[in-house]
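To convert a position in the sequence shown, counted from 1, into my numbering, add 14.
C-beta: ideal position from N, C-alpha, C; glycine also.
From a predicted model like this one, the values you see are computed outputs, not experimental measurements.
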Amino acid sequence: MKKVIAILPLIFISLLAIPQEKKSGIEYKFDVERVKNSDSVTYFGWDFSQVRILDSKVTDSRSAKIELIPAWLEYAHQKVSDDKVRKLLSRNYFQSELSKVEPLFKSVADNNFIDESATLTIDSIKSIVAAYPITGNGIGLVFIPDLLQKYNRSVTAYITFFDIATEEVLYCCYMRGLAGGKGIKQYYGEGLIECPLYFFKKYYLHIR
Numbered sequence: 015m016k017k018v019i020a021i022l023p024l025i026f027i028s029l030l031a032i033p034q035e036k037k038s039g040i041e042y043k044f045d046v047e048r049v050k051n052s053d054s055v056t057y058f059g060w061d062f063s064q065v066r067i068l069d070s071k072v073t074d075s076r077s078a079k080i081e082l083i084p085a086w087l088e089y090a091h092q093k094v095s096d097d098k099v100r101k102l103l104s105r106n107y108f109q110s111e112l113s114k115v116e117p118l119f120k121s122v123a124d125n126n127f128i129d130e131s132a133t134l135t136i137d138s139i140k141s142i143v144a145a146y147p148i149t150g151n152g153i154g155l156v157f158i159p160d161l162l163q164k165y166n167r168s169v170t171a172y173i174t175f176f177d178i179a180t181e182e183v184l185y186c187c188y189m190r191g192l193a194g195g196k197g198i199k200q201y202y203g204e205g206l207i208e209c210p211l212y213f214f215k216k217y218y219l220h221i222r
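Take a look at the structure:
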């Protein structure tokens, strides 16, 4: 019995040693005043074209593309609907144009979604936004998932505001959410939605 009791603290210490990233964010401010002064925002949804999945159970990049990403998109919209984004933004005018950006992942090469060597930077985000097939004026908002990682239960995404006419990034926040839940859809889905929800709770007041 004494041996069992002596082992328990060691097990507890081992569990604590498992790396788990907490919710957090890193801000990139380029022209915050233009975001603050705009009374309208166009929401372009989730851009999964750049996402990478590092999970030993996800080994087929094509399956990730045709099965998992659509499932995560569905989950994200269920939990963070257009109407919820509208309320969180609290601007006088809001519209959503999901069909312009969200389908972009379908045209990405099948093997691009499982790639440990790839990484997004703020310069990458600028290039991604500059290539969007959109026109118009005003401020745009897009969520760009980056990495879904089983090792530390981490999901990262760039919450990005940009000028629609010039496609210039005005403000970006690199968010980290904590994955969790039953099944791979909910497990990473929870981490994904934590990114914008925690952003609006913690950082949005700075640019509102």
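Per DSSP, cross-strand counterpart(s) of residue i
i: residue 187; result: 41 and 173
i: residue 54; result: 107
i: residue 192; result: 168
i: residue 182; result: 177
8 Å contact criterion, which residue i and residue j should meet: CB distance rounded
i: residue 128; j: residue 67; result: 6 Å
i: residue 206; j: residue 171; result: 7 Å
i: residue 62; j: residue 184; result: About 22 Å separates the two Cβ atoms, so there is no contact after all.
i: residue 77; j: residue 125; result: Actually they do not touch by this definition, with Cβ atoms about 12 Å apart.
i: residue 198; j: residue 71; result: 7 Å
i: residue 143; j: residue 180; result: About 10 Å separates the two Cβ atoms, so there is no contact after all.
i: residue 116; j: residue 60; result: 6 Å
i: residue 165; j: residue 37; result: In fact, because the Cβ distance is near 17 Å, the residues do not count as touching under 8 Å.
Neighbour-count burial assignment, residue i, 16 or more Cβ in a 10 Å radius
i: residue 147; result: exposed
i: residue 40; result: exposed
i: residue 188; result: buried
i: residue 203; result: buried
i: residue 50; result: exposed
i: residue 137; result: exposed
i: residue 222; result: exposed
i: residue 208; result: buried
i: residue 114; result: buried
i: residue 168; result: buried
Inter-stretch contact at 8 Å, needing at least 3 Cβ pairs: the segment 90–97 / the segment 192–200: Put simply, the segment 90–97 does not touch the segment 192–200. Fewer than three CB pairs are less than 8 Å apart.
Minimum length 3: unbroken beta strand (DSSP E) runs contained in the segment 63–91: 66–68, all fully within the segment 63–91.
Those runs of the beta strand (DSSP E) which lie wholly inside the segment 108–180 and span at least 3 residues: Whole beta strand (DSSP E) segments, 3+ residues: 153–163 and 168–177.
Pairing CB atoms from the segment 147–159 with CB atoms from the segment 53–62, are three or more of them under 8 Å? Counting C-beta pairs with one atom in each stretch, the segment 147–159 and the segment 53–62 have three or more that are closer than 8 Å, which means they touch.
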